[in-house]
Amino acid sequence: MKAISVLGSTGSIGTQTLEIVQEFPEQFRVVALTAGRNLGLLVEQIQRHSPEVVALADESLLKELEERLASLPADQKPQRQPELVGGPGGLNIAASWDTADLVVTGIVGCAGLLPTLAAIQAGKDLALANKETLIAAGPVVLPELRKSGSRLLPADSEHSAIFQCLQGTPWADNARLSTGVPTPGLRRIQLTASGGAFRDWATADLEKATVADATSHPNWSMGRKITVDSASLMNKGLEVIEAHYLFGLDYDHIEIVIHPQSIIHSMIELADSSVLAQLGWPDMKLPILYCMSWPSRLETPWRRLNLTEVGQLTFNKPDPAKYPCMELAYAAGRAGGTMPAVLNAANEEAVAQFLEERIHFLDIPDLIETACERHKSDRVDQPQLDDVLAVDQWARTAVREQVDRGTRRLPLTAMAA
Ligand code: NAD
Ligand code: MG
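For the sequence shown, our numbering gives the first residue as 1049, with consecutive numbering after it.
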């Protein structure tokens, strides 16, 4: 039985991971949970899974969690009283918990960086959903992986697709997994993108985009931040950088293709020009399960793909004028060093400001571009962890200050639309 730690257990990735554990009680058990602030759901998860340790990012809620668990009627108490820890230190304790075999990283944003590093340094294998960590700190994370021997299994659906396709090649060398070393024979990656909430909008209409518009995804149900990233195509831009670090390919050989049906989850082209793809209904449980069961596959009763039901698979090129975030991500990836960390932090802050209706959707790329421009002269080529943390903070502050001074456009509320 594999022991699983779930970081960000109350989020979209976290809850889907726990659903898998419930579906396969013979295969998996939960030893650690971490969450931000959602105590109600966390208590339910503790009751159901009886983890050995629980960490709360917000330390001030620890007492309340303790009281809620203590006040449960005897017949509803978890089988064991978990050790409760809080704050950044607590997250690291849970992430490196001794009995865990695999750590699923479902924290959103660069907040996942330190717990991810703690898990790697403890030699744990990881199911990486929290892509922001790798994007911000690839040059720090990859050497740590090489040192500890931890394996980074991609839970992001596109990277899982690539990983699954690579299993069918002569170079499915497990030791090479996610060390940033180029995969021999891999010529090109094509990342598929649904096109997000604004896929069918004319570029000019983006002037009218509200928070409600940007947070309704046509194909996937996910957390709010990644849903906005999908609408701006920043998610795909971030995934280009993620693919670069995971599979070692240079940016000229990682492409984005819009595929509205989200049936092909990504493709690889090999040295002999053969193209391999992985297909399925859009359901994040599949890539998460593959990380958990790899290298085996488990039998599931999940919806099976029927291509005649889909009818058509279509593809088109993303329009850089409509999706400036995509180009910003390529540029930051190519610049390397600390630039992707600035791109990521500026994006996290800009999306947070957008979700609070303090800025317009179209301000997001402007704010990111300004932060990346300003960082050019300070970019560190071979960053250490402290460099990454420093530029992450700098970029967030730079974006906030710019928003406080005022952006070019007025924010649009759902009411005004
Ligand atoms: P979410 O917002 O639904 O959940 C985030 C989780 O992280 C919650 O448990 C929350 O409590 C916790 N959290 C938030 N801020 C935190 C902080 N500062 N410190 C510690 N914990 C904190 O997000 P999600 O959609 O599940 O996405 C999680 C990660 O997975 C993101 O990096 C996202 O890009 C990636 N991802 C998600 C999907 C998806 O389908 N949801 C798909 C691919 C990749
Ligand atoms: Mg993805």
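A virtual CB, placed ideally from N, CA and C, is assigned to each residue, including glycine.
Which residues have their C-beta within less than 6 angstroms of a heavy atom of the ligand MG, listed in chain order? Asp1204, Ser1205, Glu1206 and Glu1287
Span of the alpha helix (DSSP H), counted from its first residue to its last, around methionine 1282: The residue given as residue 1282 occupies position 234 in the sequence shown. First-last of the alpha helix (DSSP H) with methionine 1282: 1282-1295.
Measure the CB-CB distance between valine 1447 and glutamate 1397 and report whether it falls below 7 angstroms. Here residue 1447 is taken as the residue at index 399 of the sequence shown, counted from 1. Here residue 1397 is taken as the residue at index 349 of the sequence shown, counted from 1. Yes, these two residues count as a Cβ contact at 7 angstroms.
Does the region 1159-1176 come close enough to the region 1193-1205 that 3 or more CB-CB pairs lie under 8 angstroms? yes
What did DSSP end up calling lysine 1365 once you bin it into helix, strand or coil? The residue given as residue 1365 occupies position 317 in the sequence shown. The answer is coil: DSSP assigns lysine 1365 none of H, G, I, E or B.
Pull up the CB-CB distance for isoleucine 1183 and glutamate 1290, whole angstroms please, since I reckon it's below 8 angstroms. Position 135 of the sequence shown, counted from the first residue, corresponds to residue 1183. Position 242 of the sequence shown, counted from the first residue, corresponds to residue 1290. Right, the Cβ-Cβ distance comes to about 6 angstroms (below 8 angstroms), so this counts as a contact.
Please tell me whether leucine 1337 and isoleucine 1068 are closer than 7 angstroms, where the distance is taken between their beta carbons. Locating residue 1337 in the sequence shown gives position 289, where the first residue counts as 1. Locating residue 1068 in the sequence shown gives position 20, where the first residue counts as 1. Yes, they are a contact pair.
Cβ-based burial, alanine 1250 [other Cβ within 10 Å; buried from 16]: What you label residue 1250 is simply residue 202 of the sequence shown in a count that begins at 1. With fewer than 16 other Cβ atoms within 10 Å, it is exposed.
Identify, in the order they occur along the chain, each residue of the same chain with its Cβ nearer than 8 angstroms to the Cβ of glutamate 1303, setting aside the five sequence neighbours on each side. Translated into positions along the sequence shown, residue 1303 becomes position 255. So the qualifying residues of the chain are Arg1236, Ile1237, Gln1238 and Leu1239.
Ends of the beta strand (DSSP E) at glutamate 1317? Start at 1 with the first residue of the sequence shown, and residue 1317 comes out as number 269. Counting along the chain, the beta strand (DSSP E) containing glutamate 1317 begins and ends at 1312-1318.
Lysine 1179 by DSSP, collapsed to three states: which one? Taking the first residue of the sequence shown as 1, we reach residue 1179 at position 131. It is helical.
Based on Cα-Cα distance, which residue from Arg1128, Gln1212 and Ala1419 lies nearest to serine 1344? Sequence index remark: in the sequence shown, residue 1344 carries index 296 (1-based). Of the listed residues, the one whose Cα sits closest to serine 1344 is Gln1212.
Excluding the 5 residues preceding and the 5 following glutamate 1180 in the sequence, name in chain order all residues of the same chain whose CB lies nearer than 6 angstroms to its CB. Counting from 1 along the sequence shown, the entry for residue 1180 is found at position 132. Excluding sequence neighbours, glutamate 1180 sits near Gly1157, Cys1158 and Asn1392.
Is any heavy atom in the ligand NAD found nearer than 6 angstroms to the beta carbon of glycine 1138? Position 90 of the sequence shown, counted from the start, is the residue given in the question as residue 1138. No, since every heavy atom of the ligand NAD falls outside the 6 angstroms radius drawn around the Cβ of glycine 1138.
Got a sec: does the ligand NAD put a non-hydrogen atom nearer than 6 angstroms to the Cβ of methionine 1270? Mapped onto the sequence shown, residue 1270 falls at position 222. It does: the Cβ of methionine 1270 is within 6 angstroms (strictly closer) of some heavy atom of the ligand NAD.
Have a look at cysteine 1420 and alanine 1380 and give me their C-alpha separation to the nearest angstrom. Counted from its first residue, the sequence shown places residue 1420 at position 372. Counted from its first residue, the sequence shown places residue 1380 at position 332. The straight-line gap from Cα to Cα measures roughly 8 angstroms.
Does any heavy atom of the ligand NAD sit closer than 6 angstroms to the C-beta of glutamate 1180? The residue you call residue 1180 lines up with position 132 of the sequence shown. For glutamate 1180, the Cβ falls inside the 6 angstroms cut-off from some heavy atom of the ligand NAD.
Looking at the ligand NAD, does it come within less than 6 angstroms of serine 1053, judged from the CB to the closest heavy atom? Reading the sequence shown from its first residue, position 5 is the one you call residue 1053. Taking non-hydrogen atoms of the ligand NAD into account, the C-beta of serine 1053 is found less than 6 angstroms away from none of them.
How would you write the range of the beta strand (DSSP E) that serine 1053 sits in, first residue to last? Taking the first residue of the sequence shown as 1, we reach residue 1053 at position 5. Where serine 1053 is concerned, the enclosing beta strand (DSSP E) stretches over 1050-1055.
With 16 other Cβ atoms within 10 Å as the buried cut-off, status of glutamine 1360: Reading the sequence shown from its first residue, position 312 is the one you call residue 1360. Flag for glutamine 1360 reads exposed.
Take glycine 1062 and list the residues in its own chain whose beta-carbon comes closer than 7 angstroms to its own, dropping the five residues that flank it on each side. On the sequence shown, residue 1062 is found 14 positions in, with the first residue counted as 1. Same-chain partners within the cutoff: Val1054, Gly1056 and Gly1154.
Taking Cβ to Cβ, would you say isoleucine 1416 is nearer than 7 angstroms to leucine 1458? Here the question's residue 1416 lines up with position 368 in the sequence shown. Here the question's residue 1458 lines up with position 410 in the sequence shown. Contact: no.
Buried versus exposed, by CB contacts within 10 Å (16 or more), glutamine 1124: Looking up residue 1124 in the sequence shown gives position 76. Glutamine 1124 comes out exposed.
Would you mind giving the Cβ-Cβ distance between proline 1413 and proline 1372, rounded to the nearest angstrom? I have them listed as a contact below 8 angstroms. The sequence position of residue 1413 within the sequence shown is 365, counting from 1. The sequence position of residue 1372 within the sequence shown is 324, counting from 1. At roughly 4 angstroms, the Cβ-Cβ gap stays under 8 angstroms, so proline 1413 and proline 1372 are in contact.
What do you reckon, are the CB atoms on alanine 1241 and alanine 1203 nearer than 7 angstroms? Residue numbering aside, residue 1241 sits at position 193 when the sequence shown is read from its first letter. Residue numbering aside, residue 1203 sits at position 155 when the sequence shown is read from its first letter. Cβ distance not < 7 angstroms, so alanine 1241 and alanine 1203 don't count as in contact.
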